[in-house]
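K.L.:
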Amino acid sequence: MIDWNKQGHTYLKEKAIEKAAEAFNRAIEDHPKDPIGYSNFGNLLLTIHEPARALAFFNKALELQSDYAPASYGLGNALYELERYEEAIPCFQLAEQNGVTDDGDIHYMLGMSYVNLSQLMMGLVHLQRAVELNEQDSEARFQYALCLAKLGSLQLALQQFDQVIEQQPEHADAHYNKGVALASRGQTAEAIMAFQTAIKHQKDHVLAANGLRALESAVEGNNEIKDEQL
Numbered sequence: 079m080i081d082w083n084k085q086g087h088t089y090l091k092e093k094a095i096e097k098a099a100e101a102f103n104r105a106i107e108d109h110p111k112d113p114i115g116y117s118n119f120g121n122l123l124l125t126i127h128e129p130a131r132a133l134a135f136f137n138k139a140l141e142l143q144s145d146y147a148p149a150s151y152g153l154g155n156a157l158y159e160l161e162r163y164e165e166a167i168p169c170f171q172l173a174e175q176n177g178v179t180d181d182g183d184i185h186y187m188l189g190m191s192y193v194n195l196s197q198l199m200m201g202l203v204h205l206q207r208a209v210e211l212n213e214q215d216s217e218a219r220f221q222y223a224l225c226l227a228k229l230g231s232l233q234l235a236l237q238q239f240d241q242v243i244e245q246q247p248e249h250a251d252a253h254y255n256k257g258v259a260l261a262s263r264g265q266t267a268e269a270i271m272a273f274q275t276a277i278k279h280q281k282d283h284v285l286a287a288n289g290l291r292a293l294e295s296a297v298e299g300n301n302e303i304k305d306e307q308l
């Protein structure tokens, strides 16, 4: 007998979306009381950016088995994509409680949910944990650094931006935000270099270009004042 869930995952890896949908649908038809098929179909809908449709499948899976962690996690992801962050948080928490293998992803999603709700301290806790669990996750580290910067911990933020840049030298946003942090500390020359590097890696980086112009104008203005004083 064909394992339609397994077959569906194979199709997904091959990016054969329609075949994957058919396979997961067969899994649901063959085992209508099994949450796995519904959860898999929900995840498929997330891959094609249809989180609103995915909600019904994750909810059905949880109706069949309330502690089915993959469905809780999937529901959290769908709600997050719909910007329903307050509703997403308990879903991620439930998924963790019910045994989703934690490689940092759940803490990253929890952290970003809190950040989007402007609860930066809670966001910081989870983003830090995400980085601890997966030190190679440069996106989690970047968001952790941003959170530190927003909370005013500029020295720690700079250390994290540098680590992101070490992992991804062409990460334009890391260079830009490093520049912002340096400028906030009065390290103008270093900030200018950071903005220039951001533009080097992303020529249309508007924020870096604006920051660079502002700092260069400030430097020119200071030089003019010094010349007048002489």
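Numbering (this note's numbering), first residue to last: 79 to 308. We put the beta carbon where it would ideally sit given N, CA and C, even for glycine.
1) For GLU174, which residues of its own chain have a beta-carbon under 6 Å away from its beta-carbon, when the five flanking residues on both sides are left out?
2) Would you mind giving the Cβ-Cβ distance between LYS228 and LEU260, rounded to the nearest angstrom? I have them listed as a contact below 8 Å.
3) Leaving aside the five residues before and after LEU236 along the sequence, list all residues of the same chain whose C-beta is less than 6 Å from its C-beta, in chain order.
4) Report yes or no: do the segment 210-226 and the segment 241-251 share at least 3 C-beta pairs separated by less than 8 Å?
5) Which whole runs of the alpha helix (DSSP H) in the segment 177-230 are 4 residues long or more, in chain order?
6) Which term fits SER196, buried or exposed, when burial requires 16 or more other beta carbons within 10 angstroms of its beta carbon?
7) When we look at the beta-carbon of ALA130 and count the other beta-carbons within 10 Å, is it buried (16 or more) or exposed?
8) Nearest to ASN83 by alpha carbon, out of LEU142, GLY182, TYR116, LYS93?
9) Around the C-beta of LYS278, are 16 or more other C-beta atoms found within 10 angstroms, so that it is buried, or is it exposed?
10) Between ASP145, SER144, LEU157, which has its C-alpha nearest HIS127's C-alpha?
11) Residues in the same chain with beta-carbon distance under 7 Å from GLY86, minus the five sequence neighbours each way, listed in chain order, please.
12) Less than 8 Å between the C-beta atoms of GLY348 and GLN233, yes or no?
13) Is the beta carbon of LEU123 closer than 8 Å to that of ASN155?
14) Just to confirm my understanding: we take LYS312, look at its own chain, exclude 5 residues before and 5 after, and list those with CB closer than 8 Å. What are they?
15) Helix or strand or just coil, what does DSSP make of ASP240?
16) Just the Cα atoms here: how many angstroms apart are ILE167 and GLU298?
17) Near ASN194, what residues of its chain come up, given a Cβ to Cβ distance below 7 Å and the 5 sequence neighbours on each side ignored?
18) My guess is that ALA267 and GLY257 are in contact by the Cβ rule of under 8 Å, so how many angstroms apart are they, rounded?
19) For the alpha helix (DSSP H) holding GLN274, just list the boundary residues, first then last.
P.N.:
Judging by the given coordinates:
1) ILE184
2) Between LEU260 and LYS228 the Cβ distance is about 16 Å, and since that is not below 8 Å, they are no contact.
3) ALA259
4) yes
5) 183-194, 198-211, 216-228
6) exposed
7) exposed
8) TYR116
9) exposed
10) LEU157
11) ALA98, ALA101, PHE102, ALA105, ASN118
12) Shown here, the chain extends from 79 to 308; a query on residue 348 therefore has no answer.
13) no
14) Nothing in the structure corresponds to residue 312, since the chain is present only between 79 and 308.
15) helix
16) 48 Å
17) TYR163
18) No, ALA267 and GLY257 are not in contact; Cβ-Cβ is about 11 Å, not under 8 Å.
19) 266-279
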